[in-house]
Amino acid sequence: MSEKKYLNKGAFMTEIGKMVVVDENNIEQIVKDPAMQQAMRKQLEVSLPVAEDCVLIQVEYVGVCGSDVHYFHDGACGTFKVREDRDIPFMLGHECAGMVVEVGSKVTHLKKGDRVCCEPSVTCGKCEYCKSGKYNLCNEVVFWATPPVQGCYMKYVPFKADLCYRLPEHVSSRAGALIEPFATGMYAAQKAEITAGSTAVILGSGCIGLMTMLACKARGAGKIIVCDLEDIRLEKARELGADYVINSRNEDPLAKISELTGGKGPDVVFETAGSRFTIAQTAHIAKRGGRIVLVGMSAEEEMTFNFGQIMAKELEIRSLFRYVNLFPASVAVVESGLAEIEKVATHDYDLEDIQQAFEDSVNKKNEVVKAVIRF
Ligand SMILES: NC(=O)c1ccc[n+]([C@@H]2O[C@H](COP(=O)([O-])OP(=O)(O)OC[C@H]3O[C@@H](n4cnc5c(N)ncnc54)[C@H](O)[C@@H]3O)[C@@H](O)[C@H]2O)c1
Ligand SMILES: [Zn+2]
Ligand SMILES: [Zn+2]
Numbered sequence: 011m012s013e014k015k016y017l018n019k020g021a022f023m024t025e026i027g028k029m030v031v032v033d034e035n036n037i038e039q040i041v042k043d044p045a046m047q048q049a050m051r052k053q054l055e056v057s058l059p060v061a062e063d064c065v066l067i068q069v070e071y072v073g074v075c076g077s078d079v080h081y082f083h084d085g086a087c088g089t090f091k092v093r094e095d096r097d098i099p100f101m102l103g104h105e106c107a108g109m110v111v112e113v114g115s116k117v118t119h120l121k122k123g124d125r126v127c128c129e130p131s132v133t134c135g136k137c138e139y140c141k142s143g144k145y146n147l148c149n150e151v152v153f154w155a156t157p158p159v160q161g162c163y164m165k166y167v168p169f170k171a172d173l174c175y176r177l178p179e180h181v182s183s184r185a186g187a188l189i190e191p192f193a194t195g196m197y198a199a200q201k202a203e204i205t206a207g208s209t210a211v212i213l214g215s216g217c218i219g220l221m222t223m224l225a226c227k228a229r230g231a232g233k234i235i236v237c238d239l240e241d242i243r244l245e246k247a248r249e250l251g252a253d254y255v256i257n258s259r260n261e262d263p264l265a266k267i268s269e270l271t272g273g274k275g276p277d278v279v280f281e282t283a284g285s286r287f288t289i290a291q292t293a294h295i296a297k298r299g300g301r302i303v304l305v306g307m308s309a310e311e312e313m314t315f316n317f318g319q320i321m322a323k324e325l326e327i328r329s330l331f332r333y334v335n336l337f338p339a340s341v342a343v344v345e346s347g348l349a350e351i352e353k354v355a356t357h358d359y360d361l362e363d364i365q366q367a368f369e370d371s372v373n374k375k376n377e378v379v380k381a382v383i384r385f
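In my numbering, each number is its position in the sequence shown, counted from 1, plus 10.
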């Protein structure tokens, strides 16, 4: 076999709930189906030279996102479904950081050896949304690990250079992989118009809730109250600076929040759990004239919401989809030390142990807050 400059390896979901790690030399030993072998080979193939507007990244860390876990466990996330005939073997992963090892001929802002994090959405650049700076709403978006688009759980990933953001020297690649969910938290805090002293309630202390909290704190928020059902997640919120935490299993969150805010309610309530119960709570929690920011995505599209409260309290409801124009600011906030996003990740796994990482993310919600894969 001729020597390849980059011997690629990666993890593929070969059926719901099953991950297989292969490299370009052992695919035939590990999977038997020729069509499967061919699809893996195609995904792992590194063609040189890289395209003029791309770089080749040697991946160092990739986060395990809630959406990855949904595809792994349920074969679907919201309206996106993994289709056996089209998508299997499916490579998950979209929260990526690593080192640039090849640079396309027209790329000027990056060089070999730079470490970068990646914004995983390639948009058309031509539509109304792209042109008006709302590219997160582009209908033509190609987003890693969203069927039929493959993800980045592999050692070498070619990617558009303009979506790769250089990491400063003292921002680790592990933190770099967490910039993607942090950008969602930053967008939530921006939509909420959090300013110095704002009070906020965050319903759901998973990765996205924690990132939202860190983004609020970076903007100078005052009192922050976090609710969840798992003590370990609330402990994490406390460690990262929550002023009060409430386990909604043991305590009535509405009564406790009212008490903690002197009967007034917070300026903003963020829904980051994606549950019909927390979505229903938002209208009762926000103060008169306050704001509700919907971040979590429920599996159900229609649910009960108290519009009487919304009207009587003149509440404002905002929602958001991913993030827009926020990677540079997210990196800058982390560099400045205003948000210790690395602490959100609680468990590191080698690529070879990715099956375990996903099983633990599904089965041990009271232990694993956020897993990352190390290459
Ligand atoms: N709007 C966007 O662009 C965007 C981007 C990323 C993720 N999301 C969504 O954000 C949500 C959170 O993502 P995540 O990765 O943090 O998921 P996660 O599952 O790790 O976190 C959700 C948390 O909510 C808690 N929770 C569930 N029911 C609750 C209840 N009744 N009261 C209090 N807490 C409760 C869970 O215990 C968990 O800790 C998901 O719905 C995800 O789809 C949205
Ligand atoms: Zn993600
Ligand atoms: Zn577009």
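Quick reminder that beta carbons are idealized off the backbone N, C-alpha and C, glycines included.
Need the endpoints of the alpha helix (DSSP H) that G195 sits in, please. Here the alpha helix (DSSP H) through G195 covers I189 to A202.
I need the DSSP call for A283, collapsed to helix, strand or coil. coil
For V65, list the residues DSSP reports as bridge partners. V113 and F169
For ligand 1, is there a heavy atom less than 8 Å away from the beta-carbon of R332? yes
Whose C-beta lies closer than 6 Å to the C-beta of H357 among residues of the same chain, with five residues either side of it excluded? Excluding residues within five positions, the ones whose Cβ falls inside 6 Å are V378 and A381.
Taking DSSP's pairing of strands, which residues face S183 in a bridge? In DSSP, S183 forms no bridge with anything.
When V30, D33, L102 and D172 are compared against P157, the one with the closest alpha-carbon: L102
Determine the DSSP secondary structure at V79, reduced to helix, strand or coil. helix
Tell me whether K136 counts as near ligand 3, meaning its Cβ is closer than 8 Å to at least one heavy atom of that ligand. yes
Which residues bound the alpha helix (DSSP H) around K141? Counting along the chain, the alpha helix (DSSP H) containing K141 begins and ends at E138 to K141.
Delimiting residues of the beta strand (DSSP E) encompassing N257: Y254 to N257
Mind checking A193: buried by the 16 CB within 10 Å criterion, or exposed? buried
Less than 9 Å separating the beta-carbons of I234 and M221? no
Tell me whether T156, by its Cβ, gets closer than 8 Å to a heavy atom of ligand 3. no
Quick check on A231: does DSSP put it in helix, strand or coil? coil
I37 and R51 look like a contact to me (Cβ under 8 Å); what is the Cβ gap, rounded to whole Å? 6 Å between Cβ atoms; contact.
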